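Residue numbers (full-length UniProt numbering), protein chains in the order written: chain A, 1 to 449; chain B, 1 to 449. Idealized CB from N, CA, C, for every residue including glycine. None of the values given here were measured: they were computed from a predicted structure.
2 protein chains.
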Amino acid sequence: MDAADVRSTNLAVVLRCVRELAPCSRADIAAATGLNKTTVSSLVSELLKRRLLREVGTAGNRVGRPAVLLTLDGASYAAIGIEVSADYLSAVAVDIAGRTVLSWRRALPGATGSPARALTAVASLTRRVVARAERDGRRVLGLAVALPGTLGPQPTGPGVSPDPTTTAARDWRDADFAADLAAALRLPGLHVETGNDADFGVLAEHRYGQHAGTADLVYLTGGGALGAGLVIDGALRAGSAGYSGEIGHIPVDPGGPACHCGRRGCMEAVAGIAAVIRRAAADPQTPDIGGRPPIAEMEPLIDEITARARAGDPATLDALTGAGRDLGAGIAILANVLDPRIVVLGGHYAELAPWLLPAVAAELRDRAIAAEHGGCRVVASTLGLDAPALGATARILDAVETGRLPGDPHTPARIRGGRAPLDPSRAAPVAGRPALQPPVPTATDGTAR
Amino acid sequence: MDAADVRSTNLAVVLRCVRELAPCSRADIAAATGLNKTTVSSLVSELLKRRLLREVGTAGNRVGRPAVLLTLDGASYAAIGIEVSADYLSAVAVDIAGRTVLSWRRALPGATGSPARALTAVASLTRRVVARAERDGRRVLGLAVALPGTLGPQPTGPGVSPDPTTTAARDWRDADFAADLAAALRLPGLHVETGNDADFGVLAEHRYGQHAGTADLVYLTGGGALGAGLVIDGALRAGSAGYSGEIGHIPVDPGGPACHCGRRGCMEAVAGIAAVIRRAAADPQTPDIGGRPPIAEMEPLIDEITARARAGDPATLDALTGAGRDLGAGIAILANVLDPRIVVLGGHYAELAPWLLPAVAAELRDRAIAAEHGGCRVVASTLGLDAPALGATARILDAVETGRLPGDPHTPARIRGGRAPLDPSRAAPVAGRPALQPPVPTATDGTAR
Ligand SMILES: [Zn+2]
Ligand SMILES: [Zn+2]
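Following this line, the structure appears as C-alpha cells:
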C-alpha cells in the first residue's frame with residue numbers, strides 16, 4: 001500500500017465520518033476517527049477542493065474561535081440508478097448525501113423484450129439523465145442498473161414450462177448487459193455495473209430506508225418475480241454464485257395453486273404480489289392476471305382492493321388475511337434460516353401491508369424459533385417502487401465511501417458486468433483497527449488455508 | 001491504536017501466514033505480508049520466544065546463505081473443545097496447528113439432565129484435560145464448549161408439547177453456563193466460552209474439514225436435534241440474535257409424520273437423523289426410537305441399516321432413498337435462500353451418506369435455482385462425531401490468529417457466556433488493506449448511519 005492508497009483510504013474515512021456527523025467540525029472528525037488534527041485538516045482541504053465537502057457556517061464554542069462546520073457537498077455530484085422492470089424503466093439520481101435529485105419513469109416492456117431493445121432504451125435514458133446531471137453542474141459518479149428477478153435458471157422438473165421473464169433475463173446475462181451498455185454509451189470513464197432487483201432493494205433499505213443500518217435485513221420484492229435481498233452482518237450477501245434469496249419456489253402449501261414452474265403452492269404462487277392480488281381481487285368480473293402481470297395491470301387492481309379493504313369488505317379482508325398467512329409461513333422459513341432483525345416488504349406489498357402484516361406477524365409467532373426473543377419484525381417499505389433504482393445508487397455511493405473517489409487517479413473507472421458478488425464490505429478499505437503495515441490479504445479471516 | 005496493539009496485530013498476521021505457508025522462511029513471510037524484513041525478523045523472534053513458532057531446518061538457496069525455515073510450534077500449546085451432547089461428553093485438544101493431541105469421550109445424560117449436573121461433569125472433565133495438557137508441557141489457550149441444538153424457545157402452536165432436550169437447554173442458557181463453568185473451574189485467566197453444536201460444527205468444517213476455507217459453507221447436525229451452522233462470506237453468521245440455522249421445523253412434507261413440535265412433516269420429523277433411522281429400520285422388530293433418541297441407541301441401528309444397505313436389501317434402500325429425497329427437499333430450501341457452495345452432512349448422516357446422497361443430489365437438481373450452475377454440492381463430513389468439539393477448538397485458534405495471543409498483556413483472558421454472535425471476522429484485526437491511521441470504527445462498511 002503506497003502513500004497515495006493510504007490517502008485515498010483516509011479521504012473515504014473522512015467522507016463517511018461527515019455523512020454520519022454532519023454538520024461537524026474538523027475537531028469532531030479528528031475525535032471520531034482518531035486521525036490527528038493536521039491530517040484531518042489536510043484531508044478536509046482536499047475533499048473541499050474536490051467538492052465532496054463544503055463549509056456551512058460556524059458553531060459557537062465556549063472557548064476559543066468558533067469552529068467551521070462541514071457537510072457533504074450536495075451540489076457537485078450525482079450517482080445514477082436505473083431499474084429495468086417487467087414493464088417500465090426507472091431512473092433515479094442522488095447527490096453525494098443520498099438525496100434524490102431526479103426520478104424518472106417510462107413504460108417499456110423491458111424484461112420481457114429482447115436484450116437489444118432494452119439496451120437501446122436504457123442507453124438512451126442514461127444519456128438523458130447524464131445530460132441533465134451535467135447541465136445541473138453535477139459530475140456523474142457512476143451508474144448501476146437493476147435487472148429483474150432471477151438471472152439464473154428456474155427449477156426444472158416434470159411439467160415445468162419456462163418462464164418468459166426469466167428466459168429473457170437469461171439472454172441478458174449471456175449478453176453481458178453492463179459491458180454492452182458501456183459500449184453503447186460511449187462515455188469513457190463512466191463506471192457501469194449491474195445487479196438484481198432484490199439485491200439492490202435491500203441495499204436501498206440498508207442505506208435509505210426506515211431501518212437503515214440494520215445489520216441483518218431482508219427485502220422482499222413486490223413487483224414481478226418474488227425474490228429476497230439479504231444483508232447479513234452489515235453487508236449484502238449474494239451467495240457463492242450470486243443466487244441467494246431465490247425464494248420464489250420454496251414450497252409453502254403443496255396442496256395450493258399451480259405455479260408457473262410446474263409445482264404447486266410455491267411461495268410465489270401463494271404469496272407473491274401477483275398471487276396476493278389474484279386472491280384478493282377474485283370475483284367473476286376480475287380478469288385472471290396470471291403469474292407475473294405487468295405493473296400497469298396491477299395498479300388498478302391494487303387500488304380496487306385497498307378501497308374494498310378500507311370499506312371493510314369481508315371477502316377482501318379474508319383473502320388478504322389468508323395471503324398474509326401464507327406470506328408469513330414463507331417468511332418464517334427465512335427467519336428460521338437467517339434470523340434477520342427486520343424483513344421489509346417492498347414494491348406493491350407495501351400498499352397492502354396494513355391488511356397483510358397482522359396475519360404475517362401471527363404466522364411468524366407460530367412458526368419462527370426466535371420470534372419470542374423479539375427476533376424478526378416484518379415491516380412495509382417506505383421507499384415505494386423506486387427501491388431497486390435507489391439501491392443501485394447506494395451501490396455507487398458505497399463504492400465512493402470505501403475509496404473509489406471521483407477523479408482519483410489511483411482508482412480508475414472500471415466497467416463491470418455480470419452478476420458478481422455485490423458485497424460492499426469486500427471493497428471496504430479497513431474493517432476494525434488497522435495495522436501500521438499490511439497484513440496477509442489471503443488470510444484476513446484467520447481461516448483460509 | 002497504540003504501538004503494542006499494532007505489534008499484537010502483526011504478530012497474529014505472521015502467525016496466520018506461517019500456518020498457510022509452513023515451512024517457510026522469513027523472506028517468504030515478508031513477501032506474503034508486505035511487512036519489511038526487519039519487522040518480520042523482530043516479529044518472528046518474539047513468536048519463537050513465545051513458543052508459537054519454531055525453526056525446522058534450512059532450505060537451499062541458489063544464491064546466498066540457506067534460509068532458516070519456520071513452522072508452527074506444535075508442542076507448546078493446547079486449545080480445548082468440549083461437546084455436551086444428548087448422551088455423552090466429548091473433549092478434544094488440538095495444538096496450535098490444529099492437530100488433535102487428545103480425544104476423549106464419556107457417557108453422560110448431558111443435555112437431558114440438569115444444568116448443575118452437566119456443569120459438574122464438564123468441570124471435572126475439563127480439569128482432567130487441562131492437567132493432561134500441562135503434564136505434556138502445553139499451556140492451555142482457552143476452552144470452548146458446544147451446547148446442544150436450539151438454546152432458544154421452540155415453535156409454539158396448537159397442540160405443541162415442549163421438547164425435553166430443549167427445556168433442559170433453556171435452563172442452561174438461563175444458568176449462563178460459561179460463567180458458571182469458569183467459576184466452578186477456578187482456573188484464573190482461562191478463557192471460557194460456549195456456542196451451539198451446529199455453529200461449532202460448521203467452524204470445524206471450515207478450518208479442518210475436507211472443504212476447509214470454503215467461503216459459503218453449511219453444516220447439518222446429525223446427532224440430536226436438526227440444526228444448521230452457516231458460514232457466509234468466510235465467517236460464521238449466527239443471525240441477529242444467534243438463532244440462524246434453526247431449520248428443524250421448516251415444513252417439508254405437510255402430509256408427513258407428526259413432529260414433536262405439534263406440526264406434521266417438519267424437516268426434523270422427516271429427515272432428521274432419528275427420522276432417517278426410523279424410516280430405514282422400520283420393521284416389526286425395531287423399537288420406536290422416538291424423536292430424539294440417545295446416540296447410544298442410534299449406533300446399533302445404524303450398523304444394522306448400513307449392513308442391510310450393503311447387502312442390497314430393497315426395503316432398506318427404498319427407505320434411505322425416500323429419506324434422502326426429503327432431506328434434499330429441505331436442503332434445497334437452504335440452497336435457494338443462501339446459495340452455499342458446499343453443504344456438509346455431519347454426525348451420523350455421514351455413515352448413511354452413500355445411500356442418502358444420490359437422492360439428495362437428485363432432489364437438489366430438481367428444486368434448487370442455482371443447481372445447474374454447479375451451485376451447491378452436498379457431501380458427508382469426514383470429521384465424525386467430534387466435529388462440534390473440534391469446532392470449539394477452531395474458535396479458540398481463530399481468536400489467537402486474530403490477535404488474542406497467549407500471555408499478551410494487552411488481551412487479558414475473559415470469561416464469556418451466553419450465545420453471543422460467534423463471528424470470528426468481528427475480531428479480525430484488518431480486512432483488506434490498512435490505513436496508516438485508524439478509520440471510523442462505526443462506519444467501516446460504509447453503510448451505518
Ligand atoms: Zn414454483
Ligand atoms: Zn416440528
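Check: Any C-beta of chain B under 8 Å from that of residue 96 of chain A; Outcome: no
Check: Residues sharing a beta bridge with residue 251 of chain A, DSSP; Outcome: A:266
Check: Proximal residues, the region 333-347 of chain A versus chain B, C-beta separation under 7 Å; Outcome: 333, 334, 336, 337, 338, 339, 340, 341
Check: Segment contact flag, the region 298-312 of chain B with the region 208-228 of chain A, C-beta cutoff 8 Å, min 3 pairs; Outcome: no
Check: The region 237-253 of chain A: positions lying closer than 9 Å to chain B by Cβ; Outcome: 237, 238, 239, 240, 241, 242, 243, 244, 245, 246, 247, 248, 249, 250, 251, 252, 253
Check: 7 Å Cβ cut-off: residues of chain A touching residue 216 of chain B; Outcome: 239, 240
Check: Proximal chain B residues relative to residue 232 of chain A, where beta-carbon distance stays under 7 Å; Outcome: 232, 237
Check: Residues in the region 385-396 of chain B having any Cβ partner in chain A nearer than 7 Å; Outcome: none
Check: Cross-chain neighbours of residue 328 of chain A in chain B, by beta carbon under 9 Å; Outcome: Within chain B, no residue comes near residue 328 of chain A; the closest Cβ sits about 13 Å away, beyond 9 Å.
Check: Closer than 7 Å: residue 263 of chain A CB and nearest ligand 1 heavy atom; Outcome: yes
Check: Residue-level contact to chain A via CB, residue 74 of chain B, 8 Å cutoff; Outcome: no
Check: Top-ranked residue by Cα proximity to residue 87 of chain A, from A:181, A:121, A:281, A:99; Outcome: A:121
Check: 8 Å Cβ cut-off: residues of chain B touching residue 272 of chain A; Outcome: Within 8 Å Cβ-Cβ: nothing; residue 272 of chain A doesn't reach chain B, min ~14 Å.
Check: Residue 268 of chain A Cβ short of 7 Å to ligand 1 heavy atom set; Outcome: yes
Check: Check: residue 376 of chain B C-beta below 7 Å from any heavy atom of ligand 1; Outcome: no
Check: For residue 422 of chain A, three-class secondary structure by DSSP; Outcome: Since pLDDT at residue 422 of chain A reaches only 32, below the 50 mark, its modelled position is unreliable, and no value is offered.
Check: Chain A contact for residue 322 of chain B (CB, 8 Å cutoff); Outcome: no
Check: Proximity test, residue 249 of chain B beta-carbon vs ligand 2 heavy atom, cut-off 7 Å; Outcome: yes
Check: 8 Å Cβ cutoff, residue 201 of chain A in contact with chain B; Outcome: no
Check: Residue 267 of chain A versus residue 13 of chain A: straight-line alpha-carbon distance, rounded; Outcome: 42 Å
Check: Per-residue burial, residue 419 of chain B [other beta carbons within 10 Å of its own, 16 or more giving buried]; Outcome: Low per-residue confidence applies at residue 419 of chain B: pLDDT is 33, beneath 50, and the placement is therefore not dependable enough to give any value.
Check: Reduced DSSP secondary structure (H/G/I, E/B, other) of residue 19 of chain A; Outcome: helix
Check: Residue 126 of chain A (DSSP reduced to helix, strand or coil); Outcome: helix
Check: Extent of the continuous alpha helix (DSSP H) run through residue 396 of chain A; Outcome: 387-401
Check: Buried or exposed (CB count within 10 angstroms, at least 16 for buried), residue 237 of chain A; Outcome: buried
Check: At least 3 beta-carbon pairs within less than 8 Å: the region 38-50 of chain A vs the region 79-99 of chain A; Outcome: no
Check: Contact set between residue 195 of chain B and chain A, taken where Cβ atoms lie within less than 8 Å; Outcome: By Cβ distance, chain A contributes nothing, its closest Cβ being about 15 Å from residue 195 of chain B, past 8 Å.
Check: Three-state secondary structure assigned by DSSP to residue 440 of chain B; Outcome: For residue 440 of chain B, the predicted structure reports a pLDDT of 28, less than 50, and the residue's modelled location is therefore unreliable. A value from the coordinates is still provided. Note: residue 440 of chain B maps to coil in three-state DSSP.
Check: Given 8 Å, three or more beta-carbon pairs between the region 221-236 of chain A and the region 260-279 of chain A; Outcome: yes
Check: 9 Å Cβ cut-off: residues of chain B touching residue 375 of chain A; Outcome: 152, 239, 240, 241, 243
Check: Touching by the beta-carbon criterion (3+ pairs, under 8 Å), the region 188-203 of chain A and the region 137-150 of chain A; Outcome: yes
Check: Chain-order list of residues whose beta-carbon lies under 6 Å from that of residue 536 of chain B (same chain, five-residue window excluded); Outcome: Absent from the structure is residue 536 of chain B, since the part of chain B shown begins at 1 and ends at 449.
Check: Residues of its chain near residue 386 of chain B, where Cβ-Cβ distance is below 7 Å and the 5 sequence neighbours each way are ignored; Outcome: 90, 92, 103
Check: Anticipated Cβ contact below 8 Å, residue 240 of chain A with residue 341 of chain B, distance rounded; Outcome: 4 Å
Check: Ordered list of alpha helix (DSSP H) runs contained in the region 77-118 of chain B, each at least 4 residues; Outcome: none
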